[in-house]
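Numbering (the working numbering), first residue to last: 3 to 896. Heads up, the beta-carbon is just placed ideally off N, CA and C, and yes, glycines get one too. Remarks on the structure that follows.
What follows is the structure, given as structure tokens:
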């Protein structure tokens, strides 16, 4: 218990699993919590004079299963195991915490998703409006550092999708409502929006450490010591990277805290500078359904599900990263496209590469395990088989042309030395556990082979003993057996006990037999047992040496893993391009967007290909804003999304679903699609809509692509039209971004006549009596109807409701045009009454002044006549206003 208390004091925020025999036990509050969370039986331990201690345990063999359940619940566990051999221990065997398992630091395959990274993010102390981020995947060793503006922190964390966040105590206090130092109220607001109780990562496990852990000077010393360098310049740091040094140093110290046994597989940091990738905010990722469907828990329906035909786990993880981080460098985009194009054209090369890649295991995660001394024998076999395929991949580089593909193949390290070592040392059928034996291949060690021969000879002698003893005793049913508790024995049934020789010594009594041993059998058993012990000890020693030699090449293995992942992704993009009839887009630094027969990459896979209707689109200096109108269910949102997805695919280096495409390089894609609320933050649907619209207006530039769907629908009609109109004007006049604005406000089509950069398009339908046919095709010009009532009928509203809606629509349209009596003027029966009663009209008849203005012919009017006419109309308007005020006063007096 003294050992347990010491471990618990060092890990107060973790549940301590304490090794006792074949179990890992939880004590005190950990036991109570473990019983509740894991369904364990709560017992107690009597500690003499001390009070009884609550305890709950799990079998050592099942520990990973229980840890997995804890990790999914967002909890931490400290594993306190024996660190010395019981045979060598004086007194109680010494135990120490050998590993801390948290959601962001797990290494076990059963707790990880093969094709998704498991990221831990460190947020440093903010300086001004910026903060340093350090992102690590301990299961692969990948480490990325980047400075991030506080107002972009939520978007970046959304892309990373961390399983755990490490942050300074000061930042945690600010997020909880405390004041920011130096009066940084804006910074505090940004931090609360991300890390507060209802922030974007509120449900992610957060680990808090004291601020001194994030000191830049301490961080610098930690990095120099960890990477064994004399200067940070060699790692890519610049003089003004103090934010990154702070975050990286805190990360290195935290890893040492949770994994004292070592993390030599941690790669040198890769620094990600701003401006190298397209910024994707949360609403764009969500609305375009890049990696998650809009409906939580829904399988498929995402872009990554369509694209992911990778044949390795490494490729699957990298594809997801490419998808969430499109490029903005035209040179890099074209380099990727050239590689994909070569693999599209050379199907045979692509097939050979993908066949070889499919045999390669997850060497990135295997390298992490070998670097941390955790690789099991069977995993070492998998690593050896994977490395043996590298020379074949390298040989494919003899015929390739694209620079990237050439570098990935012909410059690939074949690692023949490591592969040969593993081939010679490790048995092809090695078990998962070293204790099972049979790990080292025959012929690798002369001493081991001799021990095995001695053991096998003894076994053969014992096996022959059964025949000899039957002949000597005359007991035909006598047999030689073995179990782990009693060892070797001679078993005689009770019917033959009278024939048992005097030199047989009773060992065990059964219901129908007796078990014996002889001095000769005991001698040979000791030979077998002694040989087994020496064999296991020697195998363990040889295995550790082999694993250590492989661990010394971990950097080479990681580089191989990176190249294999890129090969897999470009091959996958080529495979998808050919199967789905994608084309290579032509990207440029200009402004024009030209898409011919563009398709939605996800929607088209969910229906027969011939049923999806492709569409053309052009945005240029003569029309860079499209006001898109059309009926409900006609496909306006699909058109918006497919344009965004085509642009994103092009900038990640992929081919695109179209007959042809000529696209600019965009700095950002903005989308605002659909309606939702955020009740947790007290925000209505309209408020969420306005927040998203404001983010677009403030963040968009002329190089951006803006996709808007239904702005202003959450408020009154005239409010909504006014906001939508003003936003469109602002995008046209102040920003100049390429924009598609889908709307049911047909009033906005007037902007096509008023603003030179706005043009109208609609998604066509055809009427056939009461039926409507959705053609799904874009046409020039605006739509004049939304066909909402027809769509309501298709949705199943009762016929009486549909009929009444048509009546009201006719009255409203008549009132709006000045030809109707007003809504409700014909009277309706009140519910539950047999008498009709008149209802007040919701719309007044059109003003007489408006009618006069509409009848004027201004072409032949002189300036003087126009002034006189304006004076008369003004006087008449004032008289009408006075009459209205008099009527109001009379009403108040009455």
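{"Check": "Length at least 4, wholly inside the segment 161-218: the alpha helix (DSSP H) runs in chain order", "Outcome": "171-177 and 187-197"}
{"Check": "Cα-Cα separation between residue 343 and residue 131, rounded to whole angstroms", "Outcome": "42 Å"}
{"Check": "At least 3 beta-carbon pairs within less than 8 Å: the segment 689-703 vs the segment 711-730", "Outcome": "yes"}
{"Check": "Own chain, CB closer than 6 Å to residue 785, minus 5 neighbours either side, in chain order", "Outcome": "631, 632 and 764"}
{"Check": "Status (buried if at least 16 other CB within 10 Å, exposed otherwise) for residue 442", "Outcome": "buried"}
{"Check": "Inter-residue Cα distance where the pair is residue 409 and residue 712", "Outcome": "47 Å"}
{"Check": "Residue 525 (DSSP reduced to helix, strand or coil)", "Outcome": "helix"}
{"Check": "Residue 151 - containing beta strand (DSSP E), residue span", "Outcome": "144-151"}
{"Check": "For residue 610: DSSP bridge partner residues", "Outcome": "Answer is none; residue 610 lacks a bridge partner."}
{"Check": "Given residue 545 as reference, the closest of 792, 424, 572 and 418 once Cα atoms are compared", "Outcome": "424"}
{"Check": "Alpha carbon of residue 133 to alpha carbon of residue 245, nearest angstrom", "Outcome": "6 Å"}
{"Check": "Own chain, CB closer than 6 Å to residue 489, minus 5 neighbours either side, in chain order", "Outcome": "527"}
{"Check": "Per-residue burial, residue 216 [other beta carbons within 10 Å of its own, 16 or more giving buried]", "Outcome": "buried"}
{"Check": "Segment limits, alpha helix (DSSP H) that includes residue 386", "Outcome": "379-389"}
{"Check": "Which of helix, strand or coil DSSP assigns to residue 708", "Outcome": "strand"}
{"Check": "Span of the beta strand (DSSP E), counted from its first residue to its last, around residue 734", "Outcome": "Note, residue 734: premise wrong, no beta strand (DSSP E); not H, not E."}
{"Check": "DSSP-derived helix/strand/coil call for residue 2", "Outcome": "No answer is possible for residue 2: it lies beyond the span of the chain, which begins at 3 and ends at 896."}
{"Check": "Cβ neighbour criterion (16 or more within 10 Å) applied to residue 514", "Outcome": "exposed"}
{"Check": "Inter-residue spacing [alpha-carbon to alpha-carbon] between residue 158 and residue 204", "Outcome": "15 Å"}
{"Check": "Coil, strand or helix - residue 239 by DSSP", "Outcome": "coil"}
{"Check": "Nearest candidate by alpha-carbon position, reference residue 564, set 143, 114 and 432", "Outcome": "143"}
{"Check": "Reduced DSSP secondary structure (H/G/I, E/B, other) of residue 748", "Outcome": "helix"}
{"Check": "Spatially closest choice to residue 778 from 304, 640, 361 and 714, by CA coordinates", "Outcome": "640"}
{"Check": "Residue ranges of each alpha helix (DSSP H) within the segment 265-306, 4 or longer", "Outcome": "284-289"}
{"Check": "Pairwise C-alpha distance: residue 472 and residue 363", "Outcome": "53 Å"}
{"Check": "Same chain only: Cβ atoms within 7 Å of residue 808, ignoring 5 sequence neighbours per side", "Outcome": "791"}
{"Check": "Nonlocal neighbours in the same chain, by C-beta distance under 6 Å from residue 823, ignoring five residues either side", "Outcome": "Caution applies to residue 823, whose pLDDT of 47 falls short of 50 and renders its modelled position unreliable; the value that the coordinates give is listed next. Within the same chain, residue 823 has no close Cβ partners at all."}
{"Check": "Residue closest to residue 520, alpha-carbon to alpha-carbon, out of 505, 529 and 531", "Outcome": "505"}
{"Check": "Three-pair Cβ contact test at 8 Å for the segment 148-156 versus the segment 218-236", "Outcome": "no"}
{"Check": "Bridge-paired residues (DSSP) for residue 631", "Outcome": "764"}
{"Check": "CB contact check: residue 698 to chain C, cutoff 8 Å", "Outcome": "In the structure shown, chain C cannot be found, because there is only a single protein chain."}
{"Check": "Neighbour-count burial assignment, residue 102, 16 or more Cβ in a 10 Å radius", "Outcome": "buried"}
{"Check": "Proximity to residue 79 [Cα-Cα], best of 139, 209, 193 and 880", "Outcome": "209"}
{"Check": "Cβ-Cβ distance between residue 268 and residue 293 below 8 Å", "Outcome": "no"}
{"Check": "Whole-angstrom distance between residue 4 and residue 11, CA atom to CA atom", "Outcome": "11 Å"}
{"Check": "Per-residue burial, residue 200 [other beta carbons within 10 Å of its own, 16 or more giving buried]", "Outcome": "exposed"}
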